[in-house]
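The listed protein sequences correspond, in order, to chains A and B.
Per this note's numbering, the first sequence starts with residue -15, numbered consecutively.
Per this note's numbering, the second sequence starts with residue 56, numbered consecutively.
We treat Cβ as the ideally placed atom computed from N, Cα and C, and that holds for glycine.
Read through the structure below, which is laid out as structure tokens, and then see the notes.
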Amino acid sequence: MTEIALDTRVAAATDTRRRVRRLGPGKRIPFTRGIGPLLLIGVWSLGSAAGRLDPRVLPAPWSVVHTGWTLWQSGTLGPDLAISLQRAAEGFAIGLVAGVVLALVAGLSRVGAAVIDGNVQVNRALPILGMIPLFILWLGIGETFKISIIAIAVYIPIYINLSAGLSAIDRRFVELAETLGLGRWEFLRQVVIPGALPGFFTGLRLGVTSAWLALVVVEEVNATSGLGYLMYQQATYGLIDSVVLGLVIYGIWGFASDLVVRLVERRVLSWRRTLAD
Amino acid sequence: MAAHVGGLTVRALTRGFGARTVLHDVDLEIPRGQFVALVGRSGSGKSTLLRAIAGIDFEVEGSGRIEAPERVSVVFQDSRLLPWRRVLANVLLGLPRQAADRARAAIAEVGLAGREDAWPNQLSGGEAQRAALARSLAREPELLLADEPFGALDALTRIKMHTLLRELWERHRPTVLLVTHDVDEAVLLADRVLVLEEGRFSLDLPIDLPHPRSARDERLAGYRDRLLTALGVEQAQPVLEEVAS
């Protein structure tokens, strides 16, 4: 009884603030994921300003920004960025659709699983870099080749994680659906798809990252346009500022796209309460 | 057959898993609107029987005939609410959208009015089980099958749920088959208690006491003793109870 009384008093004294979970990761920090990169840029700036960083190894942030502005002004950067974004978006879209469709077919029918799953597992074991020569022979070095490679890099993680999500659906819910007399479509809509969404989002985030990775790879192999091409070209002239600029842009794209997926995920999966929330 | 519309008839039901036979040639007749409790030790086959009647014993070998009404609802030991659907959507699951009023009424009837938009993980164990009852109720079942629905609840919540279930039955009069391992629960709620032992009925005991019954009613003790004896439980309890009181 004393315990309860004590508890009430504590709660009364601190009712204006929320108590933080004792075994949780701690208090919420606003804009948590931005802090790391900002710190890194801070250290980088300090190092450059203090003259501790050799600009031939790593140029100062402002000189990278300046290079970016100059390239943008001269009309070199804009078109390359546009073509890169277009490649990434097209490859990602195709990979997303392929990953989702294949995972659904394999996850919802035994025949589908027999035909699809083994092949995807083999495909997954092949390094993307290893497939590039074959795809060049098949498709040439044009856009089709680049988009295909990106799509492959994207569909695999989406397929794997969505499949895992589908097979993790609790059998008790299947039983419930049977007792409630749900039809196949209702079962998919009410049980299977929402139940597999957490796995899908894991796959989606990995897929987004893979899209950028694949983009860099295909743009540095036989490309004649795009951000990767630009970096490569400038590197041959020893223009390290442009190379760092390219990396920074890739970093911003990757970070921003992951942020968007996370935001969507948090909205869609608002029913879930995890330790991180 | 027509005599049992809304009731339940089971004939020569046999079920087994591999070499082990769980139900031996079981016959059961429950008239429409009767509240029956099925007790038995774990492994006696009571869940197997309920799942057979519910038609969810897929891939279980067996034979026999079951005549059940068209609208059958099952309440499980866990509430089995879909965590990604709010309470109202869970209750409405599988029903046409026009049934929303009926679903709201069912939610209100189990005492959850105002919680329609809550997520299942915001509910307490008792509330979740109420929502599961509402989900069954909204289907206007002719036969309600309940598989130890209060087994996971704490004692106080269980008492409230007993009252609620009995009230709902009074109002809607479905045929009820309540599987439980709790003899007190059985004699408190049911009009008839069946004891299942190693896949056969060993006792069919009508409980002729008016409702609402009180757990303190001394007349319950006689029924309880007979059931416990049928279940093979040694009767040392009366002595202990006297000492305690």
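{"Asked": "Where Ala285(B) falls: helix, strand or coil (DSSP)", "Found": "helix"}
{"Asked": "Beta-carbon proximity of Asp239(B) to Arg279(B), cut-off 8 Å", "Found": "yes"}
{"Asked": "Leu86(A) versus Ala148(A): straight-line alpha-carbon distance, rounded", "Found": "13 Å"}
{"Asked": "First through last residue of the beta strand (DSSP E) which encompasses Val129(B)", "Found": "127 to 130"}
{"Asked": "Gln218(A) versus Leu30(A) - alpha carbon distance", "Found": "26 Å"}
{"Asked": "For Val176(A) and Leu150(A), the rounded distance between their alpha carbons", "Found": "7 Å"}
{"Asked": "Residue-chain proximity (Trp174(B), chain A), Cβ-Cβ < 8 Å", "Found": "yes"}
{"Asked": "Beta bridge counterpart(s) of Pro261(B) as assigned by DSSP", "Found": "Arg247(B)"}
{"Asked": "Local conformation of Phe90(B) per DSSP, three classes", "Found": "strand"}
{"Asked": "Among Leu258(B), Arg213(B), Ala189(B), Thr235(B), nearest to His227(B) - alpha-carbon criterion", "Found": "Ala189(B)"}
{"Asked": "Nonlocal neighbours in the same chain, by C-beta distance under 8 Å from Val245(A), ignoring five residues either side", "Found": "Phe185, Leu188, Arg189, Val192"}
{"Asked": "DSSP three-state assignment for Leu150(B), whether helix, strand or coil", "Found": "coil"}
{"Asked": "Pairwise C-alpha distance: Glu252(B) and Ala276(B)", "Found": "21 Å"}
{"Asked": "Within chain A, the residues that Ile111(B) reaches when beta carbons sit closer than 8 Å", "Found": "Glu159, Glu162, Thr163"}
{"Asked": "Cβ distance (whole Å) where Pro175(B) is taken to contact Ala183(B) below 8 Å", "Found": "6 Å"}
{"Asked": "C-beta atoms of Gly110(B) and Arg87(B) nearer than 8 Å", "Found": "no"}
{"Asked": "Given Ile108(B) as reference, the closest of Asp237(B), Ile214(B), Ala158(B), Leu83(B) once Cα atoms are compared", "Found": "Leu83(B)"}
{"Asked": "Cβ-Cβ separation, Thr69(B) to Gly100(B) (assumed contact under 8 Å), whole Å", "Found": "Between Thr69(B) and Gly100(B) the Cβ distance is about 10 Å, and since that is not below 8 Å, they are no contact."}
{"Asked": "For Leu192(B) and Leu223(B), believed in contact at Cβ under 8 Å, the rounded distance", "Found": "6 Å"}
{"Asked": "Secondary structure of Ser300(B), DSSP reduced to three states", "Found": "Its pLDDT being 42, under 50, Ser300(B) is placed unreliably by the model, and nothing is read from it."}
{"Asked": "Exposure label - Ala130(B); buried when at least 16 CB within 10 Å", "Found": "As written in the sequence, residue 130(B) is Val, which differs from the Ala given in the question. Classification for Val130(B): buried."}
{"Asked": "CB contact below 8 Å: Leu265(A) versus chain B", "Found": "Lying outside -15 to 261, the shown extent of chain A, residue 265(A) is not represented and no answer is given."}
{"Asked": "Residue-level contact to chain A via CB, Gly149(B), 8 Å cutoff", "Found": "yes"}
{"Asked": "Unbroken alpha helix (DSSP H) run spanning Ser134(B), endpoints", "Found": "Premise fails: Ser134(B) is in no alpha helix (DSSP H) and is neither H nor E."}
{"Asked": "Proximity to Gly126(A) [Cα-Cα], best of Met215(A), Ala207(A), Trp56(A), Gln70(A)", "Found": "Ala207(A)"}
{"Asked": "Contiguous beta strand (DSSP E) assignments of at least 3 residues, all confined to the segment 192 to 259 of chain A", "Found": "none"}
{"Asked": "Closer than 8 Å to chain A by CB, Val146(B)", "Found": "no"}
{"Asked": "Residue-chain proximity (Val129(B), chain A), Cβ-Cβ < 8 Å", "Found": "yes"}
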